[in-house]
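Written below as C-alpha cells is the structure these notes are about.
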Amino acid sequence: MLRFKNLFRRGRAASAALAAALAFLLLAGAIPALADSPPAVPPTFYGRVFQGSWGGPAVPDGAKVEVYVADETQPRGDAMAVSNGWYGGPLGTDPRYIVNGTDADVGKSLIFKVDGEPAATYDSNGQPLNLTFQFDQVQQVDLVLPDKVPPVLTQAKPASLKDLPCQAAPGGRLHGRHGFRLERQ
6 MLRFKNLFRR GRAASAALAA ALAFLLLAGA IPALADSPPA VPPTFYGRVF
56 QGSWGGPAVP DGAKVEVYVA DETQPRGDAM AVSNGWYGGP LGTDPRYIVN
106 GTDADVGKSL IFKVDGEPAA TYDSNGQPLN LTFQFDQVQQ VDLVLPDKVP
156 PVLTQAKPAS LKDLPCQAAP GGRLHGRHGF RLERQ
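So the number in this note's numbering is just where the residue sits in the sequence shown, counting from 1, plus 5.
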C-alpha cells in the first residue's frame, strides 16, 4: 500500500509539471503574436472636386481622379471617377482612393490630378493642404481645378489688300498664299 501512495504522489507531481510546461509553451507562442502590430493601412482619401475655387461648381461626372507620389509619372492606386461632385465618400461603405506604397514612400509629397491636370488640395473646411505619404491616414481631401480660360481668337481685317502676298492668275484672278481668291471687278 505504501508503494501505491508514492506512485500517486509522483503522478500528481508529473501532472503539475506537464501542466506548467504546456502553459509556458502556450504563453511563449502568444507573446510574439501580441507583439505583432496590425499591418499599416495605406493612405486613403475621398472628397469633393470643384472647378475654379473651393466651393465653386463641381467638375462634370466622369472626371478621373488619380494620385501620384512625388514626381512619379504613374499614379498609385486605381483612378476614381467623379460622381455628383465627389470621388469616393465619407461613409464606411463608400469607395475611397487608396494610395499604394512602402515605408520608402513615407514623407514624400502626394500630387492629386483630375483628368491629368494637377489639382490644389484643401481640407473639408476649405483650408489648403500639403499632403505627404503617411500610413494609417484616412482623410477627406477636396480638390480644386483651376479655371481654364479658352484662348480668344481675333481676326483682324487688313486695311488694304495690296499688302497681302498674292500671285497673279490668268484672267485677272489672284490666289493668295492661304487659298484666298480675289477677283477684279
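For every residue, glycine included, the Cβ atom is placed at its ideal position computed from N, Cα and C.
Owing to the predicted nature of the structure, the values given are computational and were not obtained by experimental measurement.
Query, Result
"G131, buried or exposed, once every other Cβ within 10 Å from all chains shown has been counted against 16", "exposed"
"Enclosing beta strand (DSSP E) for G82 [first to last residue]", "81-86"
"Under 8 Å between C-beta atoms of V104 and F138", "yes"
"Simplified DSSP assignment, three categories, for A75", "coil"
"Endpoints, beta strand (DSSP E) assigned at Q56", "49-56"
"Pairwise C-alpha distance: G61 and R53", "10 Å"
"DSSP state of D147 mapped onto helix, strand, coil", "strand"
"CB of A84 within 8 Å of CB of G67, strictly", "no"
"Which of helix, strand or coil DSSP assigns to A45", "coil"
"Terminal residues of the beta strand (DSSP E) in which K118 lies", "115-119"
"Beta bridge counterpart(s) of V70 as assigned by DSSP", "M85, V119"
"Exposure of V111, with buried meaning 16 or more beta-carbon neighbours within 10 Å", "exposed"
"Cβ pair count under 8 Å reaching 3, the region 74-81 against the region 145-153", "no"
"Beta-bridge pairing of P133 - partner residues as DSSP gives them", "Y127"
"Option nearest N89 by Cα separation, candidates F117, A63, V74", "A63"
"Environment of L96 [buried if 16+ CB atoms lie within 10 Å]", "exposed"
"Nonlocal neighbours in the same chain, by C-beta distance under 7 Å from Y127, ignoring five residues either side", "W59, P133, L134, D147, V149"
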